[in-house]
Amino acid sequence: MNQFFLDLGQILQGEYADLIIQGIKTTLQLALFSWMIAMGLALALVTIRLTSVRTATLLVAGYVSYHRNVPTLVQLMLWYFGIASILPESMQLWLANFSTEFLFAVIALGLCQAAYFSEDIRSGLRAIPRGQSEAARALGMGYIRSMRYVILPQGIRNSLPSLLNHTVLLFKNTSLAMTIGVVELTYATREVENYTFLTFQSYFIATAAYLAFSLLLMALGAMLARRFEKVNAR
Amino acid sequence: MFDIFHILRDNWELFLLGQYPYGPLGGLVNTLILASLALVIAFPLSLLLTMARISPFRILRYPATVWVYVLRGVPLIMVIFWTYFLVPTLIGRNVSGFTTMLCTLVVYQSAYLCEIVRGGIQALPSGQYEASRALGLGYFRTTAWVILPQALYNSLPSLISQFISIIKETTLGYVINVQEMTFAANQVNNQLLTKPFQVFFILAITYYILCYGLTQLAQWFEHRIDKKRQGSVDIASVEQP
Numbered sequence: 001m002n003q004f005f006l007d008l009g010q011i012l013q014g015e016y017a018d019l020i021i022q023g024i025k026t027t028l029q030l031a032l033f034s035w036m037i038a039m040g041l042a043l044a045l046v047t048i049r050l051t052s053v054r055t056a057t058l059l060v061a062g063y064v065s066y067h068r069n070v071p072t073l074v075q076l077m078l079w080y081f082g083i084a085s086i087l088p089e090s091m092q093l094w095l096a097n098f099s100t101e102f103l104f105a106v107i108a109l110g111l112c113q114a115a116y117f118s119e120d121i122r123s124g125l126r127a128i129p130r131g132q133s134e135a136a137r138a139l140g141m142g143y144i145r146s147m148r149y150v151i152l153p154q155g156i157r158n159s160l161p162s163l164l165n166h167t168v169l170l171f172k173n174t175s176l177a178m179t180i181g182v183v184e185l186t187y188a189t190r191e192v193e194n195y196t197f198l199t200f201q202s203y204f205i206a207t208a209a210y211l212a213f214s215l216l217l218m219a220l221g222a223m224l225a226r227r228f229e230k231v232n233a234r
Numbered sequence: 001m002f003d004i005f006h007i008l009r010d011n012w013e014l015f016l017l018g019q020y021p022y023g024p025l026g027g028l029v030n031t032l033i034l035a036s037l038a039l040v041i042a043f044p045l046s047l048l049l050t051m052a053r054i055s056p057f058r059i060l061r062y063p064a065t066v067w068v069y070v071l072r073g074v075p076l077i078m079v080i081f082w083t084y085f086l087v088p089t090l091i092g093r094n095v096s097g098f099t100t101m102l103c104t105l106v107v108y109q110s111a112y113l114c115e116i117v118r119g120g121i122q123a124l125p126s127g128q129y130e131a132s133r134a135l136g137l138g139y140f141r142t143t144a145w146v147i148l149p150q151a152l153y154n155s156l157p158s159l160i161s162q163f164i165s166i167i168k169e170t171t172l173g174y175v176i177n178v179q180e181m182t183f184a185a186n187q188v189n190n191q192l193l194t195k196p197f198q199v200f201f202i203l204a205i206t207y208y209i210l211c212y213g214l215t216q217l218a219q220w221f222e223h224r225i226d227k228k229r230q231g232s233v234d235i236a237s238v239e240q241p
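Structure below.
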């Protein structure tokens, strides 16, 4: 046991610590950027679905269905190996200026999670009784104002717990980016393990790091859920 | 786009069975075997875990809760690597990628299935439990004859959804070279080299058809269960004065 902690200390300083910290940074960046893409796109998807134009809603339904039924790893591979290869050559050259692994990982994870987020928001909105919007309209509010003051605040409150659950999923899914070579926490851990042969110690650190962030998000979700239950019970 | 049909014509056996007659079984069939085995083994484990998680004894409840939270808070890849190193150390000999992946999925899914079963049990009216205890059944008989049959029947759709998740999770076997469909697609891609989009498109579509079909099945079950529950409620309310 003592040896275990001595070895932990060995990993937690110098170049190995730098590698792991770099990994954590990249993981958080991946999560943050793809979260922003996912949220923006999800809001757009929900708005399109609410218009009830048949072709548009079918397209959105197809989008959601594809991203929910194809494994995220396959989506990542399709983007990184597949889509990248059919882009025009000039664009491929231009893309080579950036870190393409990171870019495609963010795109794939963001697009995938947008499908889940949009479903969360939609079911949150659907749970609001029709009377709410009718009452708001009857009070003389226009569509935009009734959305802004009556429907959306309640809808977002309804969907927050599941949005947070799926944020945890997004955070965990960033680990898939290692398969296309993004040096995030899992990849960095493997590197440290390769150099030091301290298998248990390096995976222990990574697991603890993942767990800390996930539990933080889960606790936040549980807290919000409890708080809203109280508000709704009133 | 016709490339897709050429690739399918030349490689369908690899996608479906891996190198089977000449090598280990792989491809879609192995994906399905892996997922089914994982569900079949993880399910009874998750029942025990649920019983521990809702039991009144702290000594059972706390470890089960920690187990569930830790596994749900860690990416699957991390669990795969832990299994990859821990299982050979524990049993003292090397194990195949398939076994490693199976152990991983069982461990990981036990936590998720536990929450599903727990949800199913908590959704039952507490009168069920009280009535059965009042009839003189003990804790174990109440659980086995009254609570679990109803709870499991109600959670059937979620179980199918979970099977879909497991199918999607088997793709991660790719990082430890498990011979399943994603692995097969990568083999095809490495042979062809020039058609990555087409190959991975075939892969995505195959998963889509498989999982979409199962989603529909889950929805069908959900409707059926809803109808059945609705039906029994109606009869009860008619009989009331």
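Line order of the protein sequences matches chains X and F.
Residue numbering for the first sequence follows full-length UniProt numbering, starting at 1 and increasing by one per position.
Residue numbering for the second sequence follows full-length UniProt numbering, starting at 1 and increasing by one per position.
Every residue, glycine too, gets a C-beta built ideally from N, C-alpha and C.
This structure is a prediction, so every number in the text was calculated from the model and none was measured.
### Query
By Cβ distance below 7 angstroms, which residues in the same chain neighbour Cys112 of chain X in space, the five residues on each side in sequence not counted?
His67, Thr72, Gln75
### Task
Output yes if chain F places a C-beta closer than 9 angstroms to the C-beta of Thr57 of chain X; else output no.
no
### Message
What does the alpha-carbon distance come out to for the pair Leu203 of chain F and Gly82 of chain X?
### Response
11 angstroms
### Task
Report buried or exposed for Pro56 of chain F, applying the criterion of at least 16 other Cβ atoms within 10 angstroms of its Cβ.
exposed
### Message
Let me make sure I understand the geometry here. Which of X:Ala38, X:Ala209, X:Thr207 has the alpha-carbon closest to that of Ala105 of chain X?
### Response
X:Ala38
### Query
In chain order, what residues of the segment 70-82 of chain F put their CB closer than 7 angstroms to some CB of chain X?
Val70, Gly73, Val74, Pro75, Ile77, Met78, Phe81, Trp82
### Message
Using only the alpha-carbon positions, how far apart do Leu32 of chain X and Leu60 of chain F sit?
### Response
37 angstroms
### Query
Buried or exposed: Glu184 of chain X, going by 16 or more other Cβ atoms within 10 Å of its Cβ?
buried
### Query
CA-CA distance, Gly138 of chain F and Asn177 of chain F?
49 angstroms
### Message
Once the 5 residues before and after Ile77 of chain F are set aside, which same chain residues still bring their CB inside 8 angstroms of it?
### Response
Leu172, Val175
### Query
Using a Cβ-Cβ distance under 9 angstroms, would Pro88 of chain F count as near chain X?
no
### Query
Gly18 of chain F bridges to which residues according to DSSP?
F:Leu25
### Message
By the three-class DSSP mapping on this structure, what secondary structure does Phe197 of chain X have?
### Response
coil
### Query
Leu211 of chain X versus chain F: which residues are under 8 angstroms apart at the beta carbon?
Val70, Gly73, Val74
### Query
Listing by chain order, which chain X residues have their CB less than 7 angstroms from the CB of Val175 of chain F?
Thr179
### Query
Which term fits Pro241 of chain F, buried or exposed, when burial requires 16 or more other beta carbons within 10 angstroms of its beta carbon?
Any answer about Pro241 of chain F is weak, because its pLDDT of 45 lies below 50 and its placement is not dependable; what the coordinates show is given next. With fewer than 16 other Cβ atoms within 10 Å, it is exposed.
### Query
So is Ile7 of chain F buried or exposed if we call it buried at 16+ other beta carbons inside 10 Å?
buried
### Message
Let me see if you follow: with CB-CB separation under 9 angstroms, is Val168 of chain X close to chain F or not?
### Response
yes
### Message
With a threshold of 9 angstroms between beta-carbons, can Pro157 of chain F be considered close to chain X, or not?
### Response
no
### Query
Which chain F residues are close to Gly82 of chain X, counting only those with a beta carbon under 7 angstroms from its beta carbon?
Pro196, Phe197, Phe200, Phe201
### Option in X:Glu229, X:Gln13, X:Ile48 with minimal Cα separation from Gln154 of chain X
X:Glu229
### Query
When we look at the beta-carbon of His166 of chain X and count the other beta-carbons within 10 Å, is it buried (16 or more) or exposed?
buried
### Task
Please determine if the segment 64-75 of chain F and the segment 204-214 of chain X are in contact, where contact requires at least 3 C-beta pairs separated by less than 8 angstroms.
yes
### Query
When DSSP labels each residue in this structure, what does Glu13 of chain F get in the three-state scheme?
helix
### Task
From the DSSP output, in three-state form, read off Pro241 of chain F for me.
Any reading at Pro241 of chain F needs caution, since the residue's pLDDT is 45, under 50, leaving its predicted position unreliable; the model's value is listed next. Coil.
### Task
Report yes if the CB atom of Ser162 of chain X is closer than 9 angstroms to the CB atom of Ala42 of chain X, and no otherwise.
no
### Query
Cα-Cα, which of F:Tyr129, F:Ser96, F:Ser46 is closest to Ile147 of chain F?
F:Tyr129
### CB contact below 9 angstroms: Ala236 of chain F versus chain X
Because the pLDDT of Ala236 of chain F is 48, which lies under 50, any placement of that residue in the model is unreliable, and the number read from its coordinates should be weighed accordingly. Closer than 9 angstroms: no.
### Message
Using beta carbons (cut-off 9 angstroms, strictly below), is Met218 of chain X in contact with chain F?
### Response
yes
### Query
What do you reckon, are the CB atoms on Val60 of chain X and Ile48 of chain X nearer than 9 angstroms?
yes
#### Entry: Beta-carbon gap between Thr170 of chain F and Ala42 of chain F smaller than 9 angstroms
no
### Message
At the 9 angstroms Cβ level, is Ala204 of chain F part of the contact set with chain X, yes or no?
### Response
yes
### Task
Please specify which runs of the alpha helix (DSSP H), each continuous and at least 4 residues long, are wholly inside the segment 43-97 of chain F, giving them in chain order.
58-73, 76-91
### Message
For Met36 of chain X, tell me which candidate among X:Phe197, X:Ala114, X:Leu12, X:Ile24 has the shortest Cα-Cα distance.
### Response
X:Ala114
### Query
Once you ignore the five residues that flank Leu164 of chain X on each side, which residues in its own chain have a CB closer than 8 angstroms to its CB?
Leu217, Met218, Leu220, Gly221, Leu224
### Task
Take Thr186 of chain X and list the residues in its own chain whose beta-carbon comes closer than 6 angstroms to its own, dropping the five residues that flank it on each side.
Ser175, Met178
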